[in-house]
Each structure stands twice: as structure tokens, then as C-alpha cells.
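Trainee: Residue numbers (my numbering), protein chains in the order written: chain A, 20 to 215; chain B, 28 to 325. We treat Cβ as the ideally placed atom computed from N, Cα and C, and that holds for glycine. Keep in mind that this is a model prediction, so the values were computed, not measured.
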Amino acid sequence: MIKIIAISPGDGWAVVQMEKNLRLLRPPYSDDCCPLIQDADVIRLLSEPGFDAATEEIAMPDLPSVTAYLKNITVKTASEEQLAQAGKAGRQLLMSAPPDRIRHSLERIKNELLPDKQFGPALNVLVILIQSDAANSDAQLRREISELLEFCNTRMQQVVKEKTKSQFSCLENPITASYEKMAARIAYGLQVLQPI
Amino acid sequence: MTMTPSAAPSPTPLDLFALARTNDPLLEQQFATHSSGTGANATALRDMSALVLKKGNVTVNMRFVTLHAFLSTNKLENIHEWAEKKAATYTREGQQSPAEWIRKKLSDNKDINELHTKRTRFEESFQRGHEFHYGALNIGGLGATKYGEICVVIDNRFWDRPFSPVAYLIGDSLKIFMNHENQLEETKLKTSIASHAQRHHLMALKHRPDLDSWPRQEWSKNVCSEMEYIEAIFVQPLTLPYVQEIRIKKSDYDRLYDLGSNNVSFGTLSEADMLLVSAFETVNTIMMRQNLEWKDIT
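Written out as C-alpha cells, the structure is:
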């Protein structure tokens with residue numbers, strides 16, 4: 020059994036006892052996120068804000084059960100406001116991202132989304148990137164985003180045309196309807212493409 | 028978990044910073060002895076010492092919640108300061124003393140309280156022990172990430188101020204200088220400590236046996252890591268103007284941005300992951316307001 024000794028519910032860190040060893044567990048709970056620690060480390064962790072000794076005996080059969088418990092307690096501890104804010108965090112992060120992060124996002128779109136023809140998910144990100152602080156102050160970066168935005172737009176149109184050729188009614192076609200929604204987003208993204 | 032009997036602290040509290048200054052001449056002499064000549068080890072010793080002077084800073088590892096509190100309040104609290112604030116804030120409700128707040132945090136858990144005794148005994152062995160803050164001497168790495176994935180680098184100007192002493196201990200104070208009876212190993216401590224003026228010699232001498240086998244590009248990772256560090260103890264609470272930079276592991280930095288981006292793309296992130304991204308975004312926003320930037324470390 021794995022026993023939880025101390026826990027920080029706000030961020031999902033925990034000290035657990037596995038057989039005779041003490042381990043630290045922390046998100047994202049991968050192998051390198053659960054190092055062996057010593058008694059002195061527990062004392063130091065417990066002196067930090069938010070980290071408290073477990074108030075009751077919590078024991079689980081395996082690590083996946085413990086990580087599920089920790090994730091669950093992190094969500095339960097969060098206020099409704101925090102959860103609502105969390106839903107917007109990705110967008111806000113991209114809006115204020117520095118140029119190197121924006122370029123990293125562009126590379127991910129090129130390497131991971133476009134080869135799979137995931138134009139919708141790519142456009143969801145690109146429409147935010149084009150409005151970002153970094154794009155507003157860096158003409159070259161803005162050009163790179165707009166080129167990708169227009170490329171995705173063109174490819175999306177081609178895909179929609181190919182799919183709708185075989186359909187009886189374009190008006191009721193879900194692909195067309197979905198594209199129309201996306202087209203509105205692209206139009207908005209391109210609309211903000213004013214010269215700096 | 029090791030159970031240890033508690034022991035009474037030393038009757039006369041020691042001045043940690045005076046002990047550090049007292050050991051400085053010995054360190055200087057030892058360094059002079061070992062670094063003379065043209066041998067590889069002597070050269071490496073001189074190089075490491077020079078590197079510490081050039082790139083050495085005290086760093087404090089923090090979790091996102093700790094960093095958030097620090098950035099929001101402009102003050103880094105230790106457990107005693109935290110408990111005193113709690114006691115002052117909630118006096119009317121529970122009439123709890125700072126000691127009771129600490130007991131509550133430790134949950135009256137016998138094993139945990141035994142462990143905490145070691146910390147208490149160490150701090151009670153010194154003047155101003157309750158004011159101690161802990162960090163590590165770092166030459167460019169991510170530090171002891173088991174205490175927090177974020178590495179906050181303190182500008183060396185912090186030690187130039189009056190009444191802002193710092194002492195460097197050759198390793199973790201509780202692991203090396205407290206014995207199984209929870210007593211301070213005073214003799215060992217007195218020869219394993221340096222003031223700010225001799226920190227570079229302390230670090231170079233500590234790693235002298237390893238320097239020949241360590242590739243130089245790994246020095247920064249080897250001297251300050253999850254397993255190994257020179258502990259820095261100081262008493263002035265850190266404030267934001269003295270933060271030189273804030274380091275994060277590149278893979279963590281990438282992962283948090285990628286999670287945020289994935290949520291924008293697909294909207295399928297779990298609530299737990301969204302909270303992680305949100306904690307990062309909140310800290311990120313405050314840092315930008317304070318003109319602080321992340322430095323991602325590979």
C-alpha cells in the first residue's frame with residue numbers, strides 16, 4: 020500500500036510512503052516527478068505554505084490511484100472562480116506569450132496539426148496568436164502568423180469543397196456549417212491584421 | 028520513517044554568521060594550499076572558484092503556490108513568520124498561538140512532529156534561528172527542484188545591504204549537522220561553513236575530489252541539484268527588487284505552454300491540467316507586471 024504522509028491540495032504535490040521509502044509526487048506525475056526523498060526533505064516541504072501533514076490515514080494500492088486522488092483533490096480544492104479562470108488560462112497565456120513561445124506554437128501547428136489536417140484546432144490557436152501582444156509589436160512575427168492563417172484558410176476551403184461535391188445539399192451539410200463558423204473566426208483574425 | 032528521541036538544544040545560542048566569518052581564514056588557507064601549482068586539479072579548483080565568483084548566486088526553489096504568494100506580497104515568509112501572521116489574523120476566532128498554528132499544520136502527527144523537532148532543535152541552537160530562510164549556492168542550474176520546480180535567483184546586491192548576513196554550509200543543515208539524537212554537530216559545522224566572502228572557496232574545496240572527473244559543462248548541474256547543494260542560510264526576508272531572475276526547466280516551460288495551447292485547440296484538457304496552466308498563467312502575469320522574465324534551462 021502507498022500511504023500519503025503530507026499533501027499540498029492546491030497544486031497536487033504530496034509526500035508518500037512506499038514500503039520503507041519516502042517519495043515526492045508532483046504533477047505531471049511522470050517517472051522523473053516522483054524522486055526518493057529523506058526525512059529532512061519532508062520537514063522542509065512541510066514548512067512551505069500550503070503543504071500540510073495528512074490529517075487522516077490515506078492509503079492506496081498503487082501509484083495510478085494516488086495520482087487520480089491527488090488530481091481529484093486539486094480540482095475539489097479549487098474555487099468555482101478558479102475553475103472558471105482556469106478555462107480561460109490557455110488563451111490568456113498565448114495572448115501574452117513572448118515571441119519565442121509564439122514561434123514554438125507556430126512550429127507545433129506546422130509539425131503536429133497540419134500534417135493531420137487539423138485545420139480547425141490550428142485556426143483556433145492562430146486567431147489568438149494574431150491578436151497577441153507579441154504579434155502586435157513584431158511585424159515579422161505577425162507576417163509569419165498571417166501566412167499560416169491564410170494557408171490554413173485556403174486548405175480548409177479546399178477540404179470543404181472536396182467534401183461538399185459529393186453531398187446533395189450544401190446548405191444542410193455539417194461540414195459546410197462548421198466551416199462557416201470557422202470562416203467567421205478567420206475573418207476576424209484577418210481583420211486584426213492592420214499594419215503596425 | 029526514522030523515529031528519533033528529542034534532545035535539549037544548546038543552552039547558549041550560537042551566532043551562525045559569526046561562526047562563518049571565523050572559518051573564512053581557514054578556507055582561504057586551504058584553498059591556497061590546494062590551488063597552487065599547474066596540476067589539472069589545481070587548475071580546476073581555481074576555475075571553479077572563479078566561476079562561483081562570476082556566476083554564483085543564492086537561489087530559492089519554490090512551487091508555483093509559493094512563488095505566487097511571494098510575488099503577490101513582495102515578501103518570502105518562513106514557517107515562523109507564516110504562523111505569526113496566522114495567529115495575528117485569526118486571534119479572535121481560535122485564539123491560536125503561532126506554535127499552535129504550526130502544530131495544526133503538522134496535524135499532530137507523531138512521526139511528523141518528531142521530524143519537525145530536528146528542525147526546531149537546529150534553529151534553537153542559533154541566535155535569530157526563527158528568522159532563518161534557506162536557499163542554496165547555485166552557478167546556473169535549476170537547484171533543488173524537489174522543494175519547488177521554480178528556481179528564484181537572488182541578486183548578490185542583497186548581501187551588500189547592512190544587517191543582511193548569509194552563511195554557507197557545506198550541505199543540508201539537517202542531514203549533515205544534526206545527529207540522531209537531534210543535537211547539533213557543532214565541531215563539524217564550525218569547519219564546514221563560510222561567509223559570503225569565502226563562498227567560492229567553500230564550493231571549490233567541497234568538490235575538489237570530483238573536479239577531475241566532472242565535465243565542465245555539467246558543473247552547474249552537479250553542484251546544486253536535488254541530491255547535492257551548499258546550503259545558504261539568511262535572515263532578511265527576500266523582496267522582489269532583489270530577484271535577479273526566475274528559472275524554470277525548459278521541458279516544464281514547454282509543457283505548460285503546450286497544455287494551454289492544446290486547450291485552445293481542442294478544449295479537452297482535464298480540470299486538473301487546466302488548473303496547472305492557470306497557476307502558471309497567473310504567476311506569468313504578475314511577473315510581467317514586475318518586469319520579471321522566465322529563464323528556461325535545459
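Taking a Cβ distance cut-off of 7 Å, strictly less, list which residues of the segment 84-100 of chain A are near chain B, in chain order.
Mentor: Under the 7 Å Cβ criterion, the segment 84-100 of chain A contributes Lys90, Thr93, Val94, Ala97.
Trainee: Is it a yes or a no for the segment 172-184 of chain B touching the segment 265-279 of chain B, going by three-plus beta-carbon pairs under 8 Å?
Mentor: Taking 8 Å as the limit for Cβ pairs, the verdict is that the segment 265-279 of chain B does touch the segment 172-184 of chain B.
Trainee: Does the distance from the C-beta atom of Lys202 of chain B to that of Ala59 of chain A stay below 8 Å?
Mentor: Yes. Within cutoff.
Trainee: Beta-carbon separation of Met89 of chain B and Leu238 of chain B under 8 Å?
Mentor: For Met89 of chain B and Leu238 of chain B, no; Cβs fall outside 8 Å.
Trainee: CB-CB under 6 Å to Thr86 of chain A, same chain, minus the five flanking residues each way: which ones, in chain order?
Mentor: So the list reads Tyr48, once near-sequence residues are dropped.
Trainee: CB-CB under 8 Å to Lys145 of chain B, same chain, minus the five flanking residues each way: which ones, in chain order?
Mentor: Answer for Lys145 of chain B: Thr31, Leu201, Met205, Asn209, listed in chain order.
Trainee: For the segment 93-110 of chain B against the segment 64-78 of chain A, do three or more pairs of beta-carbon atoms, one drawn from each stretch, fall closer than 8 Å, so that the two count as touching?
Mentor: As far as the Cβ criterion goes, the segment 93-110 of chain B touches the segment 64-78 of chain A, which means the pair count is three or higher.
Trainee: Could I get the ranges of all uninterrupted alpha helix (DSSP H) runs contained in the segment 37-66 of chain B, with 4 residues as the minimum, in chain order?
Mentor: For the segment 37-66 of chain B, whole alpha helix (DSSP H) runs of length 4 or above, ordered along the chain, are 43-62.
Trainee: Apart from the five residues on each side of it in sequence, which residues of its chain come closer than 8 Å, Cβ to Cβ, to Met254 of chain B?
Mentor: Nothing listed; no residue qualifies.
Trainee: Would you call the segment 282-292 of chain B in contact with the segment 85-101 of chain A, where contact means no fewer than 3 C-beta pairs closer than 8 Å?
Mentor: The answer is no - the segment 85-101 of chain A does not touch the segment 282-292 of chain B, with fewer than three Cβ pairs under 8 Å.
Trainee: Check each candidate in B:Leu54, B:Asp138, B:Val87, B:Lys173 and name the one with the smallest Cα separation from Arg226 of chain B.
Mentor: Considering only alpha carbons, the answer is B:Leu54.
Trainee: Is the CB-CB distance between Asn105 of chain B and Phe159 of chain B below 8 Å?
Mentor: In this structure, Phe159 of chain B lies closer than 8 Å to Asn105 of chain B by Cβ.
Trainee: What is the DSSP secondary structure of Lys322 of chain B, counted as helix, strand or coil?
Mentor: Here Lys322 of chain B sits in strand by DSSP.
Trainee: What is the residue span of the alpha helix (DSSP H) that Gln111 of chain A lies within?
Mentor: Per DSSP, Gln111 of chain A belongs to the alpha helix (DSSP H) from 99-114.
Trainee: One question on the structure: do Asp300 of chain B and Gln154 of chain B come within less than 8 Å of each other, judged by their Cβ atoms?
Mentor: Not in contact: Asp300 of chain B and Gln154 of chain B (Cβ atoms no closer than 8 Å).
Trainee: So is Ser156 of chain A buried or exposed if we call it buried at 16+ other beta carbons inside 10 Å?
Mentor: Looking at its Cβ environment, which holds fewer than 16 other Cβ atoms inside 10 Å, Ser156 of chain A is exposed.
Trainee: Would you call the segment 29-41 of chain A and the segment 136-152 of chain B in contact, with 3 or more CB pairs under 8 Å?
Mentor: Judged by Cβ distances under 8 Å, the segment 29-41 of chain A makes no contact with the segment 136-152 of chain B, as fewer than three pairs qualify.
Trainee: In the DSSP assignment, find the unbroken beta strand (DSSP E) run with His160 of chain B in it and report its ends.
Mentor: 160-165 is the extent of the beta strand (DSSP E) around His160 of chain B.
Trainee: In three-state DSSP terms, what is Glu76 of chain A?
Mentor: Looking at Glu76 of chain A - three-state DSSP - the assignment turns out to be strand.
Trainee: Which two residues bound the contiguous beta strand (DSSP E) that contains Gln271 of chain B?
Mentor: Its beta strand (DSSP E) spans residues 270-276.
Trainee: Please classify Pro242 of chain B as buried or exposed, where buried requires at least 16 neighbouring CB atoms within 10 angstroms.
Mentor: So Pro242 of chain B counts as exposed.
Trainee: Using the beta-carbon of each residue, which ones in chain B are nearer than 9 Å to Ser27 of chain A?
Mentor: Under the 9 Å cutoff, chain B gives Arg90, Val92.
Trainee: Terminal residues of the continuous beta strand (DSSP E) containing Trp32 of chain A?
Mentor: Segment 32-37, the beta strand (DSSP E) holding Trp32 of chain A.
Trainee: In chain order, what residues of the same chain have a beta carbon less than 8 Å from the beta carbon of Arg110 of chain A, not counting five sequence neighbours either side?
Mentor: Counting only Cβ-Cβ distances below 8 Å, and skipping sequence neighbours, we find Ile147.
Trainee: So, is Thr173 of chain A buried or exposed, given that buried needs 16 or more other C-beta atoms within 10 angstroms?
Mentor: Looking at its Cβ environment, which holds fewer than 16 other Cβ atoms inside 10 Å, Thr173 of chain A is exposed.
Trainee: Look at the alpha carbon of Ser99 of chain B and the alpha carbon of Glu320 of chain B, and state the distance between them as a whole number of angstroms.
Mentor: C-alpha separation (whole angstroms): 16 Å.
Trainee: List the residues of chain B whose Cβ lies closer than 8 Å to the Cβ of Gln111 of chain A, in chain order.
Mentor: Residues of chain B passing the Cβ test: Glu308, Thr312.
Trainee: In chain A, what lies closer than 7 Å to Ile260 of chain B by C-beta?
Mentor: Chain A residues near Ile260 of chain B: none, gap ~12 Å exceeds 7 Å.
Trainee: If you reduce the DSSP assignment to three classes, tell me which class Lys136 of chain A lands in.
Mentor: Correct three-state label for Lys136 of chain A: coil.
Trainee: Quick one: grab the DSSP three-state call for Thr86 of chain B.
Mentor: Note: Thr86 of chain B maps to strand in three-state DSSP.
Trainee: Assuming Val193 of chain B and Ile260 of chain B make a contact with CB atoms under 8 Å, what is their CB distance in whole Å?
Mentor: About 7 Å; that satisfies the 8 Å criterion.
Trainee: With a cut-off of 8 Å on the beta carbons, I'd call Asn143 of chain A and Ser292 of chain B a contact; round off their distance for me.
Mentor: That pair is a contact at about 5 Å.
Trainee: Is it true that the CB of Ala73 of chain A sits closer than 8 Å to the CB of Ser134 of chain B?
Mentor: Closer than 8 Å, so yes.
Trainee: Could you tell me whether the Cβ of Arg63 of chain A comes closer than 8 Å to any Cβ of chain B?
Mentor: At least one chain B Cβ lies under 8 Å of Arg63 of chain A.
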